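Below you'll find the structure, written out as structure tokens, and then a few comments.
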Amino acid sequence: MERRVLGTSRGSFSLGITVTGGRHVYVSGCVSSDHDGRIVGRGDVGAQSRQAFANMAAVLAEAGGTLADVVKLTAFVVPMDRYREYAAVRAELFAGHFPASSTVGVTVLADPDYLIEIEAVAVVG
Numbered sequence: 007m008e009r010r011v012l013g014t015s016r017g018s019f020s021l022g023i024t025v026t027g028g029r030h031v032y033v034s035g036c037v038s039s040d041h042d043g044r045i046v047g048r049g050d051v052g053a054q055s056r057q058a059f060a061n062m063a064a065v066l067a068e069a070g071g072t073l074a075d076v077v078k079l080t081a082f083v084v085p086m087d088r089y090r091e092y093a094a095v096r097a098e099l100f101a102g103h104f105p106a107s108s109t110v111g112v113t114v115l116a117d118p119d120y121l122i123e124i125e126a127v128a129v130v131g
């Protein structure tokens, strides 16, 4: 797979990415639930972001990929003023291979205790 960043990366995301080769993997919104369905990091956007990315990594592993294969993220954050907590985790986990990224502030997610939900598109192979 060949990956090329378009434009200049800004902070912890890229403006655009082209990918040649590989399989596309579309990951549904990941939240901060553990294997038993319990919310991890109640009230803590950073902790919830880590768990959501861990859940995403598990899905990608089933497809033979890793977080390094992610080319696009969309995050939904409650409330938007907690964005920096999510962005810090994203910057740490994607250092050196920042995907294109969008973040949307929302008022509530499927469970009122969820503060973050993250979707991804990855190209594996």
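For what it's worth, my numbering labels the leading residue of the sequence shown as 7, then goes sequentially.
Where a beta carbon is used, it is the ideal one built from N, C-alpha and C, also for glycine.
Computed from a prediction, not measured in an experiment: that's the story for all the values here.
Need the endpoints of the alpha helix (DSSP H) that residue i sits in, please.
i: glycine 52; result: 51-68
i: valine 95; result: 89-99
Rounded to a whole number of angstroms, what is the C-alpha to C-alpha distance between residue i and residue j?
i: aspartate 42; j: glutamate 98; result: 26 Å
i: alanine 67; j: asparagine 61; result: 10 Å
i: aspartate 40; j: alanine 128; result: 22 Å
i: lysine 78; j: glycine 49; result: 26 Å
i: threonine 72; j: glycine 35; result: 16 Å
What would DSSP say about residue i, mapped onto helix, strand or coil?
i: leucine 6; result: No answer is possible for residue 6: it lies beyond the span of the chain, which begins at 7 and ends at 131.
i: leucine 12; result: strand
What residues are listed by DSSP as bridge partners for residue i?
i: valine 184; result: Since the first and last residues shown for the chain are 7 and 131, residue 184 lies out of range.
Residue range of the beta strand (DSSP E) that residue i falls in?
i: serine 108; result: 106-111
Please tell me whether residue i and residue j are closer than 8 Å, where the distance is taken between their beta carbons.
i: valine 33; j: leucine 121; result: no
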